[in-house]
Amino acid sequence: MSLHPPDLQPGHAAALAARTAARAADEGIADVVYATVDSPVGRLVAVATRRGLARLAYELENGGLDTVLDEVAVRLSPAIVEAPARLDDVRRELDEYFAGRRRDFALPLDWALVRTPFHRGVLHAATEIPFGATSTYREIAAAAGSPTAYRATGNALGSNPIPIVVPCHRVLASSGGLGGYTGGLERKRLLLSLEGGMLGV
Amino acid sequence: MSTLPPFQRFLDTHRDDVLRFLVATVGRHDADDAFQETFLSALRAYPRLRPNSNLRSWVLTIAHRKALDVHRARGRRPLPVAELDDRPAHPAPADGGRGGDHWNRVRALPPRQREVLTLRYAADLTHAEIALALGCTEAAARRAAADGLKTLRKELSDVPAPA
Numbered sequence: 034m035s036l037h038p039p040d041l042q043p044g045h046a047a048a049l050a051a052r053t054a055a056r057a058a059d060e061g062i063a064d065v066v067y068a069t070v071d072s073p074v075g076r077l078v079a080v081a082t083r084r085g086l087a088r089l090a091y092e093l094e095n096g097g098l099d100t101v102l103d104e105v106a107v108r109l110s111p112a113i114v115e116a117p118a119r120l121d122d123v124r125r126e127l128d129e130y131f132a133g134r135r136r137d138f139a140l141p142l143d144w145a146l147v148r149t150p151f152h153r154g155v156l157h158a159a160t161e162i163p164f165g166a167t168s169t170y171r172e173i174a175a176a177a178g179s180p181t182a183y184r185a186t187g188n189a190l191g192s193n194p195i196p197i198v199v200p201c202h203r204v205l206a207s208s209g210g211l212g213g214y215t216g217g218l219e220r221k222r223l224l225l226s227l228e229g230g231m232l233g234v
Numbered sequence: 275m276s277t278l279p280p281f282q283r284f285l286d287t288h289r290d291d292v293l294r295f296l297v298a299t300v301g302r303h304d305a306d307d308a309f310q311e312t313f314l315s316a317l318r319a320y321p322r323l324r325p326n327s328n329l330r331s332w333v334l335t336i337a338h339r340k341a342l343d344v345h346r347a348r349g350r351r352p353l354p355v356a357e358l359d360d361r362p363a364h365p366a367p368a369d370g371g372r373g374g375d376h377w378n379r380v381r382a383l384p385p386r387q388r389e390v391l392t393l394r395y396a397a398d399l400t401h402a403e404i405a406l407a408l409g410c411t412e413a414a415a416r417r418a419a420a421d422g423l424k425t426l427r428k429e430l431s432d433v434p435a436p437a
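Heads up: the protein sequence lines correspond to chains A and B, in order. Heads up: the first sequence begins at 34 in the working numbering, then just goes up one per residue. Heads up: the second sequence begins at 275 in the working numbering, then just goes up one per residue.
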């Protein structure tokens with residue numbers, strides 16, 4: 034026997050850390066909370082501030098959990114904890130959406146990760162496209178007040194920090210093509226077919 | 275430019291070290307609460323921390339201060355420390371806990387010796403880091419460690435020589 038660090042029960046530090054993170058979220062000490070959410074389009078990372086949902090990332094397409102959180106730490110705050118219970122509403126609404134039982138999201142949103150007022154205008158215009166319908170980059174550019182800026186509109190939609198909930202997947206090329214998507218075209222197709230609007234695309 | 279990692283990653287990286295240190299210095303009974311207080315305090319200060327800080331010694335310094343709070347609170351309680359330490363909040367690990375008896379003895383040492391030995395051998399801080407955490411000179415930290423080990427060696431045969 035000698036003066037070694039004491040042994041820990043397996044899993045005890047992890048359980049304490051989870052309890053601490055939950056307390057940090059409940060007592061409002063953390064600026065940002067996150068959780069992973071399983072979905073038919075792959076695992077999602079949901080990130081919320083005190084205002085609401087700020088980021089919904091496709092874990093694989095968007096570089097993995099660490100990359101998603103690193104970006105949030107730099108752009109919002111490093112005071113981030115994992116707090117699944119704080120994202121129960123997000124998980125429930127997404128589950129209902131993917132089960133075909135929800136057409137509109139009622140979640141409060143935080144637009145803090147949207148870079149410019151123009152992007153904000155474009156994403157706001159996208160939220161106006163109803164479930165099951167589609168629009169075009171040209172129409173969204175016009176709705177955002179810059180009818181000729183449809184390339185910039187595509188960039189704004191491509192950097193949508195809250196896909197699915199802000200339905201940028203409902204925006205297609207004027208030619209009728211799919212255009213692009215932050216989660217990859219396969220997922221865009223899947224979301225559109227789930228909504229029943231564009232089965233043949 | 276380096277940036278602070280998301281707090282959750284910082285918590286996951288250092289949770290085992292912080293808990294080991296707290297178990298050594300306050301015992302298993304009080305370690306859980308001190309652990310939560312440590313990381314909640316760390317989170318409050320985290321957004322203002324310099325990105326190139328040594329996060330490990332920073333959080334262990336906070337844990338050290340939380341441990342002092344526990345020891346001070348015990349000083350005000352009617353029960354002697356040794357009695358409290360004999361009531362484990364969690365069953366000991368199957369092997370009986372390496373050095374468990376030793377940490378009980380370390381907790382009975384004078385405060386400065388206890389602080390230096392737990393920071394050195396349970397938290398694995400260097401004497402320089404310990405001096406920073408305690409606000410003393412490195413020489414004083416080394417001396418306190420040597421004194422503490424000397425006392426322990428009177429009771430035990432195989433405590434390591436001062437590093």
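All C-beta atoms in this analysis are idealised placements derived from N, C-alpha and C, irrespective of residue type, glycine included.
Asked: Chain B contacts from the stretch 36 to 70 of chain A (Cβ-Cβ distance under 9 Å); Found: LEU36, HIS37, PRO38, PRO39, ASP40, LEU41, GLN42, PRO43, HIS45, ALA46, ALA47, LEU49, ALA50, ARG52, THR53, ALA54, ARG56, ALA57, GLU60, ILE62, ALA63, ASP64, VAL65, TYR67
Asked: 8 Å contact criterion, which A:GLY217 and A:GLU94 should meet: CB distance rounded; Found: 5 Å
Asked: Burial state of B:ASN328 (16 or more Cβ within 10 Å); Found: exposed
Asked: The stretch 108 to 124 of chain A touching the stretch 139 to 146 of chain A, judged by at least three CB pairs closer than 8 Å; Found: yes
Asked: Neighbour-count burial assignment, A:LEU232, 16 or more Cβ in a 10 Å radius; Found: Confidence at A:LEU232 is low in this model, with a pLDDT of 46, below 50, so the placement of that residue is unreliable and no value is reported for it.
Asked: Segments of 4+ residues assigned as alpha helix (DSSP H) that fall wholly inside the stretch 72 to 158 of chain A; Found: 98 to 108, 121 to 131
Asked: Option nearest B:PRO280 by Cα separation, candidates A:ARG56, A:GLU92, A:ASP64; Found: A:ASP64
Asked: Identity of the residue in A:GLU129, A:PRO141, A:ARG125 nearest A:ARG84 by Cα; Found: A:PRO141
Asked: Assumed close pair A:THR186, A:ILE173 - CB separation to whole angstroms, cut-off 8 Å; Found: 5 Å
Asked: Continuous beta strand (DSSP E) stretch holding A:TYR183: start and end; Found: Here A:TYR183 belongs to no beta strand (DSSP E); instead the alpha helix (DSSP H) covers 183 to 191.
Asked: Segment limits, alpha helix (DSSP H) that includes B:THR425; Found: 412 to 429
Asked: Contact set between the stretch 84 to 108 of chain A and chain B, restricted to residues whose Cβ is under 8 Å from the partner; Found: ASP99, LEU102, ASP103, VAL105, ALA106, VAL107
Asked: DSSP-derived helix/strand/coil call for A:VAL238; Found: Outside the modelled stretch of chain A, which goes from 34 to 234, sits residue 238 of chain A, for which no answer is possible.
Asked: Proximity test, Cβ basis, 8 Å: A:ALA118 and chain B; Found: no
Asked: Boundaries (first-last residue) of the alpha helix (DSSP H) holding A:TYR170; Found: 170 to 176
Asked: Below-8 Å beta-carbon distance, A:GLU219 vs any chain B residue; Found: no
Asked: Contacting residues, own chain, Cβ-Cβ under 7 Å from B:ASP221 (five flanking each side not counted); Found: The displayed coordinates of chain B run from 275 to 437. Any statement about residue 221 of chain B would go beyond what the structure contains.
Asked: Beta-carbon gap between B:HIS288 and B:ARG330 smaller than 8 Å; Found: yes
Asked: Within 8 Å, strictly: CB atoms of A:LEU98 and A:THR69; Found: yes
Asked: Counterpart residues of A:THR69 in DSSP-defined beta bridges; Found: A:VAL78
Asked: Own chain, CB closer than 8 Å to B:ARG361, minus 5 neighbours either side, in chain order; Found: No answer about B:ARG361 holds up, because its pLDDT of 42 lies below 50 and its placement is not dependable.
Asked: 8 Å Cβ cutoff, B:ALA420 in contact with chain A; Found: no
Asked: Closest by C-alpha distance to B:LEU323, when choosing among B:ALA405, B:LEU278, B:LEU393, B:ALA397; Found: B:LEU278
Asked: Beta-carbon separation (whole angstroms), A:GLY165 vs A:GLY229, contact threshold 8 Å; Found: 6 Å
Asked: Selected residue, minimal CA-CA separation from A:PHE131, among A:HIS37, A:ARG220, A:PRO38; Found: A:ARG220
Asked: Opening and closing residue of the alpha helix (DSSP H) in which B:ASP304 lies; Found: 302 to 319
Asked: CA nearest to the CA of B:ARG346, picked from B:THR299, B:GLU412, B:GLY422; Found: B:THR299
Asked: Contacting positions in the stretch 390 to 412 of chain B - beta carbon closer than 9 Å to chain A; Found: LEU391, ARG394, TYR395, ALA396, ALA397, ASP398
Asked: Selection of the stretch 330 to 343 of chain B by Cβ proximity to chain A, strictly under 8 Å; Found: none
Asked: Inter-stretch contact (C-beta, 8 Å, three-pair minimum) for the stretch 393 to 408 of chain B and the stretch 331 to 342 of chain B; Found: yes
Asked: Chain A residues whose Cβ lies nearer than 9 Å to that of B:ASP306; Found: HIS45, LEU49, ARG52
Asked: Residues, ordered as in the chain, of the stretch 295 to 328 of chain B that lie near chain A by beta-carbon distance below 7 Å; Found: VAL297, ALA298, ASP306, PHE309, GLN310, PHE313, LEU314, LEU317, ARG318, TYR320, PRO321
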